[in-house]
Structures are given as C-alpha cells and as structure tokens.
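Residue numbering for the sequence shown follows our numbering, starting at 11 and increasing by one per position.
This report concerns only the one structure given below.
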Amino acid sequence: MAVAGATGAVGQRMVACLQERRFPVAELVPLASERSLGKTVTFNGQEIPVQVLTKDSFAGIEIALFSAGGSISKEYAPIAAQAGAVVVDNSSAWRMDPDVPLVVPEVNPQDIAQYTKKGIIANPNCSTIQMVVVLKPLHDAARLKRVVVSTYQAVSGTGQKAVEELAAQVRALFCHQELVKKVYPHRIAFNVFPHIDVFLENGYTKEEMKMVNETQKIMGDPHIRVTATTVRVPVFYGHSEAVNVETERKLTPEEARRVLEQAPGVKVVDNPAKNEYPMPLDAAGQDLTLVGRIREDFSIENGLNLWVVADNVRKGAATNTVQIAEILIRDYLK
Ligand code: A2P
C-alpha cells in the first residue's frame with residue numbers, strides 16, 4: 011500500500027488511520043517530495059523511510075492513497091493505475107470525471123464498483139462529505155428539493171502550512187511581533203473570510219461549486235438544487251456548516267431527529283437546554299459527523315435548519331479514504 015503525500019496534514023492522518031483501523035497492510039510505502047528525503051513515517055511501531063514519488067513508485071502496489079495536491083494526482087494517479095494499483099484520491103483532480111466514482115461509504119458505497127473504468131476512486135471534498143452523510147437519510151425520508159449551506163472551515167483543510175500559519179500569527183500577535191502572511195491573502199488569526207479556493211467566473215469560489223456538483227453526483231440526483239457560501243475561520247480542526255433544506259414531503263424536527271439518530275456515521279447532539287450542540291472542539295479527533303440545532307424553517311412550507319460539524323482531516327479526508335479502501339478489499343480485491 012502506498013500513501014502519496016504521507017508527510018502532509020491528511021497523509022499523516024491516513025497512515026495513522028490505517029494503523030488505528032488495523033487495515034491489513036503487508037508493506038507501507040510512504041511517498042512525498044524530495045524535501046522529505048531522510049524523514050520517516052511511524053507505522054505499527056516501525057520507522058519507515060519516506061521515498062520520493064516518481065513514475066516507478068507503484069510497482070507491486072495494490073492500493074495507492076493520494077493526498078499530495080491536485081496536480082500530483084492528475085499526473086501520477088493514472089501512472090499508479092497503469093502499474094496495477096487502485097488509486098483512492100483525496101484531491102479534486104478526478105472527482106467530476108464521469109468514469110471515476112465519487113464515494114462516501116455511508117451514502118453510495120455501490121458506486122465503488124465503477125473503479126474498474128480508470129482504476130481511480132475519488133474522495134469528495136471535506137465540506138461535501140460531512141454534509142451528504144446528513145443529507146442522504148433526509149433525502150431518503152422526504153426527498154430534498156433545495157439545500158442552502160454556509161460553511162465555517164478550519165485551516166487544516168488548507169494543509170499543514172496553514173495550521174502553522176494560524177499558530178504563528180496568534181503567537182506573533184500576543185508577543186507584539188511582526189505578523190507573517192504566506193498561505194492566505196489575509197490574516198486568519200481572529201479573522202474570517204468568505205474565500206476558499208479560487209474565484210470562478212460565475213462569482214462563486216471553486217470550493218462552493220465543489221459542494222454543488224459533488225453533492226449531486228454522490229447523491230445520484232442532479233435535481234437537488236444546492237447553493238453554498240464557503241468561509242474560512244480561525245479554527246485548527248473541524249468544519250462547521252449551517253445547512254438549510256427544503257423537502258418535497260414535510261419532515262418535522264422530531265422526525266428528522268429520529269431519522270438522523272438511525273443514520274450510519276451520524277451522531278445527534280441536540281440539547282439546547284443544556285447548551286449541547288456540535289462544536290469543532292468536540293468533533294475533532296473522532297470520526298462521526300455531529301448534527302444539532304435541528305429546527306423548522308418557518309419561512310417556507312417544508313424546511314429544516316441544521317448545524318453539522320465533523321473533523322475535516324478525519325471523516326472529511328483520511329477516514330473516508332480508508333473506509334473506501336476497506337470496502338475495496340472486502341468486496342472487490344479478494
Ligand atoms: P512534502 O512534505 O515532501 O512537501 P499538505 O496538504 O499538508 O500541504 O501536504 C502535501 C503533501 O503532498 C506532503 O506530503 C508533500 O510532501 C506532498 N507533495 C507536495 N508536492 C509534492 C511533489 N511534487 N511530489 C511528491 N509529493 C509532494
């Protein structure tokens with residue numbers, strides 16, 4: 011098993027996740043750039059040297075997990091597939107390719123079967139994953155017509171450098187030192203900006219359009235209307251989302267709560283009287299998607315408001331990738 015980008019924020023978590031979930035790895039091959047030569051990755055108590063990613067890295071590899079950025083995936087995922095590996099790719103490079111399944115195991119595990127077309131399975135965007143885990147059971151119960159989502163996204167979604175930038179800016183502010191901005195166009199410490207990924211011609215960001223397009227693809231329903239505003243907040247781990255849904259059939263908050271309590275991968279945290287609702291500090295470090303503040307949207311006929319929080323590096327990336335690999339070896343690579 012290879013992990014491309016094994017030294018990055020998500021790659022490190024992928025390796026930890028393989029260990030935690032006792033994935034049957036015969037040999038782990040951690041891959042990164044030349045910058046990481048000499049580094050090691052700890053896996054099952056062993057220190058494994060990081061290798062430089064090249065065209066020849068995939069001989070004998072059965073499964074390759076990728077999280078080294080879109081351009082690396084674009085170039086190397088087909089090379090890995092050609093060498094006989096099944097690629098599970100965490101970048102956005104292949105997600106909307108009609109010959110590449112885009113999978114959240116709680117929502118559309120059956121789509122994994124399509125991996126044979128290109129040898130690649132795509133892992134969705136972090137904000138999309140946690141949203142569809144909650145939307146799917148509501149769609150099955152009452153058919154979704156429209157979704158309006160605003161996100162509050164942690165800096166770890168950008169990568170390790172952004173985690174370090176927020177920490178360094180907070181330190182600099184408290185020590186009256188010069189504040190350095192490298193990763194983001196604005197200071198992120200004690201700030202919020204509605205800008206994730208690049209701006210597109212339609213006025214949306216690419217992150218916002220990922221939420222629209224990926225939701226329709228994963229749910230297998232191009233008729234669900236989705237609109238998104240994606241926002242970066244000074245949180246290290248855990249994305250939050252305010253989600254408004256309009257359904258075909260009326261779903262009361264009580265019914266929605268009951269449906270979500272039964273849903274795989276979901277935990278309802280919804281007791282406002284005790285100040286209990288999902289928060290990034292509680293979502294971080296575990297794999298469930300937390301949902302709360304479930305209440306009627308009384309401005310429309312059939313509407314609900316929800317607050318959804320998950321660990322963006324775990325369920326939003328590494329855990330979802332490893333879950334896909336688990337289904338692959340259980341059902342396909344026997
Ligand atoms: P490296 O640590 O050697 O730069 P993050 O998402 O946290 O920024 O991590 C990105 C991951 O992708 C890192 O493991 C990084 O390795 C890896 N990576 C970035 N560029 C390349 C490249 N050109 N070849 C191989 N790996 C790369």
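By construction, the Cβ of each residue, glycine as well, lies at the ideal position given by its N, Cα and C atoms.
Extent of the continuous beta strand (DSSP E) to which residue i belongs
i: Gln56; result: Gln56 to Pro59
i: Pro40; result: Val39 to Ala42
i: Phe308; result: That residue, Phe308, is in no beta strand (DSSP E); it is neither H nor E in DSSP.
i: Asp99; result: Val96 to Asp99
i: Ile130; result: Ile130 to Ala132
Whether residue i touches residue j by CB criterion (9 Å)
i: Asn135; j: Ser102; result: yes
i: Phe76; j: Ser83; result: yes
i: Val222; j: Ala238; result: yes
i: Gln257; j: Leu154; result: Residue identity differs from the one stated: residue 257 is Thr in this sequence, not Gln. Result yes, Cβ atoms of Thr257 and Leu154 sit closer than 9 Å.
i: Val39; j: Ala12; result: yes
i: Val62; j: Glu37; result: no
i: Arg156; j: Arg259; result: no
i: Val143; j: Ala273; result: yes
i: Glu72; j: Val98; result: no
i: Leu338; j: Tyr125; result: yes
i: Ala42; j: Ala14; result: yes
i: Ala78; j: Gly129; result: no
i: Asn118; j: Ala327; result: no
i: Ala172; j: Val165; result: yes
i: Phe246; j: Ala177; result: yes
i: Ile131; j: Ile334; result: yes
i: Asp231; j: Lys220; result: no
i: Glu311; j: Phe33; result: no
i: Ala19; j: Gln170; result: yes
Where the alpha helix (DSSP H) through residue i begins and ends
i: Ala91; result: Gly80 to Gln92
i: Gly21; result: Ala19 to Glu30
i: Glu256; result: No alpha helix (DSSP H) holds Glu256; the beta strand (DSSP E) holding it covers His249 to Thr257.
i: Thr329; result: Thr329 to Ile337
i: Leu112; result: Element bounds for Leu112: n/a, residue is neither H nor E.
i: Val269; result: Pro263 to Gln272
i: Ala238; result: Looking at the DSSP string, Ala238 is not in any alpha helix (DSSP H); the run it does join, the beta strand (DSSP E), is Arg235 to Thr239.
i: Asp292; result: Pro290 to Ala293
Assigned exposure category for residue i - 16 Cβ within 10 Å defines buried
i: Gln280; result: Here residue 280 is Asp; the residue named in the question, Gln, does not match the sequence. Asp280 is buried by the Cβ-count criterion.
i: Cys352; result: With the chain represented from 11 up to 344, any question about residue 352 goes unanswered, as that position is not in the structure.
i: Asn330; result: buried
i: His186; result: exposed
i: Lys168; result: It should be noted that the sequence gives Thr, not Lys, for residue 168. It counts as buried.
i: Ser46; result: buried
i: Ala69; result: exposed
i: Leu316; result: buried
i: Glu286; result: exposed
i: Glu211; result: exposed
i: Thr17; result: buried
i: Asp109; result: exposed
i: Tyr342; result: exposed
i: Ser137; result: buried
i: Thr64; result: exposed
i: Thr262; result: exposed
i: Val276; result: buried
i: Gly94; result: exposed
i: Pro204; result: exposed
Where residue i falls: helix, strand or coil (DSSP)
i: Val279; result: coil
i: Ser160; result: strand
i: Val142; result: helix
i: His196; result: coil
i: Val165; result: helix
i: Lys155; result: strand
i: Ile228; result: helix
i: Glu174; result: helix
i: Ala74; result: strand
i: Arg303; result: strand
i: Gly313; result: strand
i: Ala14; result: strand
i: Ile206; result: coil
i: Arg242; result: strand
i: Phe53; result: strand
i: Val3; result: The requested residue 3 does not occur in the structure, where the chain is confined to residues 11 to 344.
i: Thr215; result: strand
i: Ala320; result: strand
i: Val180; result: helix
Cβ of residue i within 9 Å of any chain B Cβ
i: Met11; result: The structure shown contains no chain B, having only a single protein chain.
Between the region 318-326 and the region 291-303, do three or more beta carbon pairs fall short of 8 Å? yes
For the region 246-266 against the region 150-161, do three or more pairs of beta-carbon atoms, one drawn from each stretch, fall closer than 8 Å, so that the two count as touching? yes
Can we say the region 186-200 touches the region 228-247, given the rule of at least three CB pairs closer than 8 Å? yes
Answer yes if the region 302-313 comes into contact with the region 259-273, meaning at least three C-beta pairs across the two stretches below 8 Å, and no otherwise. Touching, yes, given that three or more Cβ pairs across the two stretches are closer than 8 Å.
Say whether the region 213-228 touches the region 173-192, bearing in mind that this needs 3 or more beta-carbon pairs closer than 8 Å, one atom from each stretch. no
At least three beta-carbon pairs within less than 8 Å, the region 142-154 to the region 269-277: yes
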